[in-house]
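One structure below.
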Amino acid sequence: MSSSYGKVDERDHVTLQARRDSRKRITIIVVSLLVLVGIVIGAVFGTMANKKSTTVDTNVNGEPISVSVKAVCDVTLHKDKCFETVGSAPNASSLNPEQLFIYAVKITIAEATKALNAFSSSGDNTTSMHACVELLDLTIDNLNNTLTSSSNGDVTLPELVADLRTWLSSAETYQDTCIETLAESNNPESKTFGEGQLKNATELTSNALAIITWLGKIADSFKLRRRLLSADVAVDFNVGRRLLQSTDLRKVADIVVAKDGSGKYRTISRALKDVPEKSEKRTVIYVKKGVYFENVKVEKTKWNVVVVGDGESKSIVSGKLNVIDGTPTFQSATFAVFGKGFMARDMSFINTAGPSKHQAVALLVSADLAAFYRCTMNAYQDTLYVHAQRQFYRECTIIGTVDFIFGNAASVLQNCKILPRRPMQGQQNTITAQGRKDPNQNTGISIHRCNISPLGNLTGVQTFLGRPWKDFSTTVIMESSLNGFIDPKGWLPWVGDSAPDTIFYGEYKNIGAGASTKNRVKWKGLRFLSTKEANRFTVKPFIDGERWLPTTKVPFRSGL
1 MSSSYGKVDE RDHVTLQARR DSRKRITIIV VSLLVLVGIV IGAVFGTMAN
51 KKSTTVDTNV NGEPISVSVK AVCDVTLHKD KCFETVGSAP NASSLNPEQL
101 FIYAVKITIA EATKALNAFS SSGDNTTSMH ACVELLDLTI DNLNNTLTSS
151 SNGDVTLPEL VADLRTWLSS AETYQDTCIE TLAESNNPES KTFGEGQLKN
201 ATELTSNALA IITWLGKIAD SFKLRRRLLS ADVAVDFNVG RRLLQSTDLR
251 KVADIVVAKD GSGKYRTISR ALKDVPEKSE KRTVIYVKKG VYFENVKVEK
301 TKWNVVVVGD GESKSIVSGK LNVIDGTPTF QSATFAVFGK GFMARDMSFI
351 NTAGPSKHQA VALLVSADLA AFYRCTMNAY QDTLYVHAQR QFYRECTIIG
401 TVDFIFGNAA SVLQNCKILP RRPMQGQQNT ITAQGRKDPN QNTGISIHRC
451 NISPLGNLTG VQTFLGRPWK DFSTTVIMES SLNGFIDPKG WLPWVGDSAP
501 DTIFYGEYKN IGAGASTKNR VKWKGLRFLS TKEANRFTVK PFIDGERWLP
551 TTKVPFRSGL
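Okay, here's the thing in structure tokens:
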């Protein structure tokens with residue numbers, strides 16, 4: 001471990017000062033937003049209020065509902081729950097929309113905490129129940145992020161809203177994953193218990209997300225994109241994080257892992273124990289060539305970890321956990337990442353369980369601002385679990401069969417090789433299965449400038465670009481090369497012979513024999529995108545990549 005971790009240098013001092021100033025900066029932003037909200041609320045509801053003479057909306061306590069409460073609750077998916085909770089806040093009639101949003105988040109934290117306590121004290125020692133405890137802990141962390149919001153940078157209002165939407169989208173995903181994990185246990189009582197305990201928290205999370213999405217749209221409609229911070233308080237978004245300027249990270253590694261004993265440790269898991277908790281600086285772990293048979297987990301408190309190997313075919317992490325043998329999908333990953341700011345390069349992550357074992361994840365990523373460069377993810381079903389938060393993959397190779405790129409992160413795969421392989425007899429290949437369940441989530445899978453071609457002979461095997469896992473599934477494939485083995489219909493329903501009208505599937509300027517859209521499925525949710533629509537799913541707007549990718553030194557294309 002580098003001796004510099006104990007120092008408080010000038011950059012660290014700036015970081016601390018930035019945190020102290022964070023609240024002041026956010027207040028400036030929020031005040032500007034509230035001016036706009038006031039204008040909109042006055043315009044939309046002022047006339048309505050004047051026309052009312054005999055009917056007055058009231059909350060559950062019989063008190064009049066304020067214009068602000070009505071405004072924020074009307075945009076939510078669970079309006080009754082909103083009026084019941086936000087509308088009954090102390091002095092609700094005198095609170096502005098920003099205060100109502102904060103109150104909405106606070107009551108969501110309270111409900112999520114109740115659920116966590118219920119799961120923890122249930123007496124159920126199953127793997128699925130333990131997974132739910134972990135997922136609810138992550139939920140509460142992300143909800144708390146929306147209250148603290150210590151953004152270290154020259155942040156604009158849209159960027160702040162993007163952060164808040166990311167954390168709330170992730171909080172919702174974690175709760176949904178808990179229910180999915182309980183469903184995999186084949187114990188109906190556990191699933192019923194989980195759904196009952198999480199009902200309030202999931203509805204409240206959705207409502208808070210709807211409110212901040214609405215506030216963001218108001219700001220965007222007024223084109224409030226100017227910098228709101230003065231030069232004397234603005235600081236670098238990435239201050240305190242060591243720039244990865246070396247052309248060979250192996251030479252500047254803080255920790256070396258080697259199976260032959262030539263490093264400090266023989267396993268990656270042991271090396272991770274030496275990484276400082278919540279460090280703002282990069283910790284580089286060099287993994288020498290070899291096959292490491294271990295299931296690795298980068299915990300949520302291990303920030304800014306970089307794992308670099310000797311090459312995709314040389315430094316390999318291998319596991320074989322799977323659903324058939326009793327491990328939930330969420331916990332089956334050979335390599336799982338939860339600590340923000342993670343980066344891997346020149347590594348391979350493999351799950352060798354095989355197609356008969358069904359869901360068996362090679363890599364799970366649930367970390368914000370995570371980047372993978374020149375890495376391979378190799379398995380069959382559910383190879384790459386882009387679980388939550390913002391993620392970027394560049395020049396990676398992803399190999400699999402069924403739903404082998406799946407999850408509900410905001411993820412961009414750029415200049416990657418996507419290689420469907422032969423599945424079990426009678427199976428069809430589906431490259432993606434995106435899991436957006438809420439229209440206000442800012443999630444999706446964006447495949448940009450990639451090459452989709454078969455691994456081996458796939459004669460007789462139907463291969464589709466994806467299928468919609470959830471009602472608002474969002475996947476786009478842009479400027480990519482599609483080999484002729486892609487089924488002409490392009491996309492496969494999850495069940496039945498169609499898909500929900502609410503999905504968003506997009507194709508844009510793809511090439512190759514499999515790119516023809518002539519015989520594509522006739523779904524309302526399938527779009528052949530304009531340039532303007534396609535731009536929404538590029539690195540800059542979709543994962544806010546220009547704010548955080550430059551310090552990783554991973555090459556990226558910001559737009560189309």
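Numbering (the UniProt record's numbering), first residue to last: 1 to 560. Note that CB positions come from ideal geometry on N, CA and C, so glycine has one too. Keep in mind the model is a prediction, meaning the values are calculated, not measured.
Coil, strand or helix - residue i by DSSP
i    : result
V521 : coil
S313 : coil
R547 : helix
S2   : No answer about S2 holds up, because its pLDDT of 37 lies below 50 and its placement is not dependable.
I65  : coil
T297 : Checking the displayed sequence, the identity of residue 297 turns out to be Lys instead of Thr. Three-state DSSP puts K297 in a strand.
G400 : strand
S558 : coil
P328 : coil
R266 : coil
Y380 : coil
L455 : coil
Q391 : strand
G484 : coil
N351 : strand
S93  : helix
T146 : helix
D236 : Interpretation of D236 is limited by its pLDDT of 40, a score under 50 that renders its predicted location unreliable; the figure taken from the coordinates is listed afterwards. Note: D236 maps to coil in three-state DSSP.
V44  : Since pLDDT at V44 reaches only 44, below the 50 mark, its modelled position is unreliable, and no value is offered.
L492 : coil
L16  : Low local confidence applies: a pLDDT of 46 at L16 is under 50, so the model's placement there is unreliable, with the coordinate-based value given in what follows. Helix.
S318 : strand
F119 : helix
Q359 : strand
A336 : strand
V72  : helix
G196 : helix
E134 : helix
Residue i, buried or exposed, once every other Cβ within 10 Å from all chains shown has been counted against 16
i           : result
residue 563 : Nothing can be reported for residue 563: it is not among the residues displayed for the chain, which extend from 1 to 560.
M347        : buried
V291        : exposed
D254        : buried
I511        : exposed
S121        : exposed
I324        : exposed
S558        : exposed
L384        : buried
residue 606 : Residue 606 lies beyond the stretch modelled for the chain, which goes from 1 to 560, so this question has no answer here.
N457        : exposed
M424        : exposed
A513        : exposed
P90         : exposed
V287        : buried
V495        : exposed
T459        : exposed
L492        : buried
G261        : exposed
Supposed contact pair residue j and residue i - C-beta distance, whole angstroms, cut 8 Å
i    : j    : result
R422 : V365 : At roughly 26 Å, the Cβ-Cβ gap does not stay under 8 Å, so R422 and V365 are not in contact.
L182 : K191 : 4 Å
F392 : G545 : 6 Å
S269 : E294 : 6 Å
P276 : A219 : Their Cβ separation, rounded to whole angstroms, is 37 Å, which puts P276 and A219 out of contact at 8 Å.
D137 : L116 : 7 Å
V412 : I543 : 6 Å
V306 : V298 : Wrong, their Cβ atoms sit about 11 Å apart, outside the cutoff.
T397 : C416 : 7 Å
R394 : Q414 : 5 Å
T475 : T432 : 5 Å
L419 : S453 : 6 Å
For residue i, the residue or residues it bridges with in DSSP
i           : result
Y103        : In the DSSP output, where bridge partners are listed per residue, Y103 has none listed.
H448        : Q414, M478
residue 562 : Absent from the model: residue 562. The displayed extent of the chain is 1 to 560, so no value can be given.
F372        : A344, Y393
N186        : None, per the DSSP bridge assignment.
N429        : T463
Exercise. Is the number of C-beta pairs between the stretch 198-211 and the stretch 434-453 that are closer than 8 Å three or more?
Worked result: yes
Exercise. Below 8 Å, can you find three or more Cβ-Cβ pairs linking the stretch 185-198 to the stretch 401-418?
Worked result: no
Exercise. Any contact of the stretch 64-84 with the stretch 93-104, i.e. 3+ C-beta pairs under 8 Å?
Worked result: yes
Exercise. Below 8 Å, can you find three or more Cβ-Cβ pairs linking the stretch 340-356 to the stretch 371-382?
Worked result: yes
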